[in-house]
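Asker: Numbering (UniProt numbering), first residue to last: 1 to 110.
Okay, handing you the structure first.
So, in structure tokens, the structure goes:
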């Protein structure tokens with residue numbers, strides 16, 4: 001019997017970036033990075049949330065490190081803010097992440 005697409009995803013192991021996102025310290029770093037990049041780009045939380053298809057409160061929880069940012073959402077954030085996804089995803093593996101280091105990744109929106 002064929003599995004539906006949802007049950008297929010349930011059987012995949014958590015690896016790579018997704019495995020790193022399980023750490024609450026990583027969630028905090030990634031969230032702080034997203035917030036810093038969003039603020040440097042001059043985009044409101046509400047506007048960014050609308051662009052990536054989540055609620056403003058969900059984005060606020062990601063920025064505070066209370067919720068993990070999924071890989072698809074990290075890519076949507078990067079696209080919306082016109083930054084390299086590495087600027088967001090690399091933070092999940094660094095212990096001394098400083099959002100100020102990422103100023104060069106943010107490009108002003110036109």
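Even glycine gets a Cβ: it sits at the ideal position worked out from N, Cα and C.
Can the beta-carbon of residue 69 be found less than 9 angstroms from the beta-carbon of residue 86?
Answerer: Position 69 of the chain shown holds residue 69. Position 86 of the chain shown holds residue 86. Taking 9 angstroms as the Cβ cut-off, residue 69 and residue 86 do not qualify as a contacting pair.
Asker: What three-state label does DSSP hand residue 54 in the structure shown?
Answerer: For the purposes of this step, residue 54 is taken as residue 54 along the chain shown, with counting starting at 1. Three-state result, residue 54: coil.
Asker: Since residue 52 and residue 34 are thought to touch, with beta carbons under 8 angstroms apart, how far apart are those beta carbons, to the nearest angstrom?
Answerer: The sequence position of residue 52 within the chain shown is 52, counting from 1. The sequence position of residue 34 within the chain shown is 34, counting from 1. That belief does not hold up - the Cβ atoms of residue 52 and residue 34 are roughly 10 angstroms apart, past 8 angstroms.
Asker: Can you tell which of 59, 67, 50 and 58 has its C-alpha closest to the C-alpha of residue 25?
Answerer: Position 25 of the chain shown holds residue 25. Among 59, 67, 50 and 58, the Cα nearest to that of residue 25 is on 67.
Asker: Taking the alpha-carbon positions, what's the residue 81 to residue 23 distance?
Answerer: Reading the chain shown from its first residue, position 81 is the one you call residue 81. Reading the chain shown from its first residue, position 23 is the one you call residue 23. Looking at the two C-alpha atoms, the distance is approximately 24 angstroms.
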